[in-house]
Amino acid sequence: MWWSNLFADMSPASFFNFSFLPKYGLFFIQGIEYTLLLAVFAVLLAVVPALLLALMRLSKNRLIRGLSGAYIAVFRSTPLLVQLSIIYFGLFSVISIPRITVLGFVDISRFIPGVVALALNSSAYVAEIFRAGILAVDAGQMEAARSLGLSKWSSMQLVVLPQAIKNVLPALANEIITMVKESSICSMLGMAELMFAAKAVASATYITLAPYTIAALIYFCINYPASKGIEAIERRMRRGDKQ
Amino acid sequence: MEINNDIIISVENLVKEFNGGQIKALNGCSLDIYHGEVVAIIGPSGSGKSTFLRSLNLLEEPSSGTIKFKGIDITDKKVNLDLHRQKMGMVFQHFNLFPHMSVKKNITLAPVKLKLKTQAEADELAMKLLDRVGLADKADAYPAQLSGGQKQRIAIVRALAMEPEVMLFDEPTSALDPEMVGEVLDVMKELAHEGMTMAVVTHEMGFAREVADRVIFMDEGHIIEENKPNELFDNPQNPRTQAFLAKVL
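Top line first, the protein sequences correspond to chains Z and D.
Count the first sequence with the numbering used here and you get residues 420 to 662, in order.
Count the second sequence with the numbering used here and you get residues 5 to 253, in order.
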């Protein structure tokens, strides 16, 4: 190709020595797909437990509140890499998952532990998002629902949660962005996501820097437009709320 | 307006403490409300009048004392409170309409969810009540599209759709622009004339004088004085009542 010669004189340590792209481009594409799968599945899986944790955190019962608080504290106060390692080598040495490859490049015996670890971690953060969202709904809403004779759970489900979830949608989308970045840690355990692809290309081609430049560019090109998009949606939602 | 002698709500020695007893919002209040009666509760801000009203359907949990609704002590933990709340409508200062639901849905949500009515029956009643308060054309609007006065009239309709036996009003006109106070008070007056039992915390002395059967003056968590409106406004006995009325009338 016309641009192949462009890299001929570049050193392997150059930021922009992209001579590996024709041969390894597909590797990066698969890495992107793997990364997005990890992030989206992790956050989607985290939503239900997070909602449960948030409701527990707001319970009147001290034991229930404490349990949820402890979970959140543990997952927010230890590094994701440590959590991932413990879940991968501990939990998933007990539960064995067959080595089946789906989509041609996703080995589920690695993917599932990765998603579970990310989801458990994310649920602690999303729980706090939900808790803030529920607390942001005016207390008068719950009072009005209860004064009509609706039970606490019905009031929560019909009146408070729909408003809370609308409030937290942008924060939830931001959590996916965080997960896109955080999931790079899964490369440490051999999951073939974007960071893993960059590392593999670097060691196969002896081009030490540019594969990571490409990875950085790709992460940026996913996350920056996404966060701008979320900001725009947030602005529009605020406008809709005005009376 | 006729008042028969049946007591519908009987409050005995109600105490409400905050911060583990450091603040006493209610200091042993007792009051009987009779069937068909309109009771206005007045007093300076911080006197405990809202807390008292909110205790009647246990939105505030009393620290001690009893509240009997139709003879049943609803402060008893074994009582199904939700069942009794269905019969005690409440209207709030800040309306508290559900912003994510249309006006009609606001009104029919509870009766349908609690299986008291089918959706069709609830819709029919909602339209009838909306028509009565002059807002039938707003059935499909959302709360954000309404004025304060309209919101409060809808909130009254929402409470009425449960076909309550008592209506509790917690400063229903305090958050309204002055030109909208009248339309809400008119709805309340009509309700009173139809014989609804009402307890109204209010700053509208004119309304209290004209519509109430009895006026309660509260200060510092005590019921200081109660009387027929003309007696209480024209001839207050307690110095604190006199001082308060001198300021507001």
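C-beta: ideal position from N, C-alpha, C; glycine also.
Reference residue i; option with closest CA among the options
{"i": "P233 (chain D)", "options": "D:A247, D:D223, D:R244, D:E214", "result": "D:E214"}
{"i": "K585 (chain Z)", "options": "Z:K442, Z:A551, Z:V513, Z:R565", "result": "Z:A551"}
{"i": "L464 (chain Z)", "options": "Z:Y453, Z:F437, Z:V545, Z:L522", "result": "Z:V545"}
{"i": "T666 (chain Z)", "options": "Z:A489, Z:A583, Z:A611, Z:R484", "result": "Residue 666 (chain Z) is absent from the model: chain Z starts at 420 and stops at 662."}
{"i": "P363 (chain Z)", "options": "Z:G523, Z:P517, Z:A543", "result": "Because chain Z here runs from 420 to 662, residue 363 (chain Z) falls outside it and cannot be looked at."}
{"i": "K91 (chain D)", "options": "D:F221, D:N61, D:S49", "result": "D:N61"}
{"i": "V15 (chain D)", "options": "D:G50, D:P48, D:F56, D:S49", "result": "D:F56"}
{"i": "C93 (chain D)", "options": "Z:S496, Z:N593, Z:L567, Z:L503", "result": "The sequence as given places Gly at residue 93 (chain D); Cys does not occur at that position. Of the candidates Z:S496, Z:N593, Z:L567, Z:L503, the one whose C-alpha sits nearest the C-alpha of G93 (chain D) is Z:L567."}
{"i": "A583 (chain Z)", "options": "Z:L474, Z:F639, Z:L608", "result": "Z:L474"}
{"i": "M607 (chain Z)", "options": "Z:S504, Z:E594, Z:I641, Z:I527", "result": "Z:S504"}
{"i": "P66 (chain D)", "options": "D:I37, D:F22, D:D86", "result": "D:F22"}
{"i": "P115 (chain D)", "options": "D:I78, D:F99, D:P168, D:A250", "result": "D:P168"}
{"i": "N231 (chain D)", "options": "D:A126, D:I12, D:E41", "result": "D:E41"}
{"i": "Y490 (chain Z)", "options": "Z:D526, Z:N540, Z:K600, Z:V466", "result": "Z:N540"}
{"i": "A543 (chain Z)", "options": "Z:N642, Z:Q502, Z:I633", "result": "Z:Q502"}
{"i": "R565 (chain Z)", "options": "D:M171, D:L85, D:C33, D:L35", "result": "D:L85"}
{"i": "Q97 (chain D)", "options": "D:L172, D:L35, D:A126", "result": "D:L172"}
{"i": "K251 (chain D)", "options": "D:G47, D:A216, D:G24", "result": "D:G47"}
Coarse secondary structure for residue i, derived from DSSP in three states
{"i": "F460 (chain Z)", "result": "helix"}
{"i": "G93 (chain D)", "result": "strand"}
{"i": "H104 (chain D)", "result": "coil"}
{"i": "D181 (chain D)", "result": "coil"}
{"i": "L569 (chain Z)", "result": "coil"}
{"i": "K661 (chain Z)", "result": "Confidence is the limiting factor: at K661 (chain Z) the pLDDT is only 46, short of 50, which leaves the residue's position unreliable, though a coordinate-based value still follows. In the structure shown, K661 (chain Z) sits in coil (DSSP, three-state: anything other than H, G, I, E or B)."}
{"i": "E41 (chain D)", "result": "coil"}
{"i": "D190 (chain D)", "result": "helix"}
{"i": "E547 (chain Z)", "result": "helix"}
{"i": "I514 (chain Z)", "result": "coil"}
{"i": "T206 (chain D)", "result": "coil"}
{"i": "L62 (chain D)", "result": "coil"}
{"i": "G50 (chain D)", "result": "coil"}
{"i": "V116 (chain D)", "result": "helix"}
{"i": "N31 (chain D)", "result": "strand"}
{"i": "L425 (chain Z)", "result": "helix"}
{"i": "F211 (chain D)", "result": "helix"}
{"i": "E230 (chain D)", "result": "strand"}
{"i": "S542 (chain Z)", "result": "helix"}
{"i": "D144 (chain D)", "result": "coil"}
{"i": "N436 (chain Z)", "result": "coil"}
{"i": "M656 (chain Z)", "result": "helix"}
{"i": "T55 (chain D)", "result": "helix"}
C-beta contact flag for residue i and residue j at 8 angstroms
{"i": "A130 (chain D)", "j": "I111 (chain D)", "result": "yes"}
{"i": "K117 (chain D)", "j": "S573 (chain Z)", "result": "yes"}
{"i": "N274 (chain D)", "j": "E229 (chain D)", "result": "Given a span of 5 to 253 for chain D in the structure shown, any question on residue 274 (chain D) remains unanswerable."}
{"i": "M184 (chain D)", "j": "G210 (chain D)", "result": "no"}
{"i": "S602 (chain Z)", "j": "L537 (chain Z)", "result": "yes"}
{"i": "N436 (chain Z)", "j": "S430 (chain Z)", "result": "yes"}
{"i": "D144 (chain D)", "j": "K108 (chain D)", "result": "yes"}
{"i": "M598 (chain Z)", "j": "A458 (chain Z)", "result": "yes"}
{"i": "P240 (chain D)", "j": "L249 (chain D)", "result": "yes"}
{"i": "E594 (chain Z)", "j": "V493 (chain Z)", "result": "no"}
{"i": "F446 (chain Z)", "j": "T624 (chain Z)", "result": "no"}
{"i": "H39 (chain D)", "j": "T201 (chain D)", "result": "yes"}
Same chain, Cβ closer than 7 angstroms to residue i, five either side skipped, listed in chain order
{"i": "A645 (chain Z)", "result": "I596"}
{"i": "I451 (chain Z)", "result": "L613, I637"}
{"i": "L628 (chain Z)", "result": "A432, S433, F434"}
{"i": "K442 (chain Z)", "result": "none"}
Rounded C-alpha distance that separates residue i from residue j
{"i": "R136 (chain D)", "j": "V191 (chain D)", "result": "9 angstroms"}
{"i": "L569 (chain Z)", "j": "F102 (chain D)", "result": "14 angstroms"}
{"i": "F549 (chain Z)", "j": "R476 (chain Z)", "result": "10 angstroms"}
{"i": "M5 (chain D)", "j": "H197 (chain D)", "result": "With a pLDDT of 46 at M5 (chain D), under the threshold of 50, the modelled position of that residue is not reliable, and no figure is offered here."}
{"i": "F508 (chain Z)", "j": "S515 (chain Z)", "result": "11 angstroms"}
{"i": "I76 (chain D)", "j": "G559 (chain Z)", "result": "26 angstroms"}
{"i": "D10 (chain D)", "j": "E194 (chain D)", "result": "22 angstroms"}
{"i": "E208 (chain D)", "j": "N17 (chain D)", "result": "27 angstroms"}
{"i": "R481 (chain Z)", "j": "L471 (chain Z)", "result": "15 angstroms"}
{"i": "E650 (chain Z)", "j": "A590 (chain Z)", "result": "10 angstroms"}
{"i": "H88 (chain D)", "j": "M561 (chain Z)", "result": "17 angstroms"}
{"i": "K74 (chain D)", "j": "G138 (chain D)", "result": "33 angstroms"}
{"i": "V19 (chain D)", "j": "L500 (chain Z)", "result": "54 angstroms"}
{"i": "P498 (chain Z)", "j": "I604 (chain Z)", "result": "10 angstroms"}
Beta-carbon contacts of residue i that lie in its chain and below 8 angstroms, excluding the five residues immediately before and after
{"i": "L133 (chain D)", "result": "I111, V161, L164, A165"}
{"i": "V587 (chain Z)", "result": "I548, F549, A551, G552"}
{"i": "V188 (chain D)", "result": "G153, Q156, R157, I160, P176, T177, L180"}
{"i": "G609 (chain Z)", "result": "R529, F615"}
{"i": "E653 (chain Z)", "result": "P589"}
Sequence-distant residues of the same chain with beta carbon closer than 6 angstroms to residue i, five excluded per side
{"i": "H226 (chain D)", "result": "N31"}
{"i": "V205 (chain D)", "result": "I45, K53, S54, L57, D174, E175"}
{"i": "L236 (chain D)", "result": "V219"}
C-beta neighbour in chain A for residue i, strict 8 angstroms
{"i": "K142 (chain D)", "result": "Of the protein chains in the structure, Z and D, none is chain A."}
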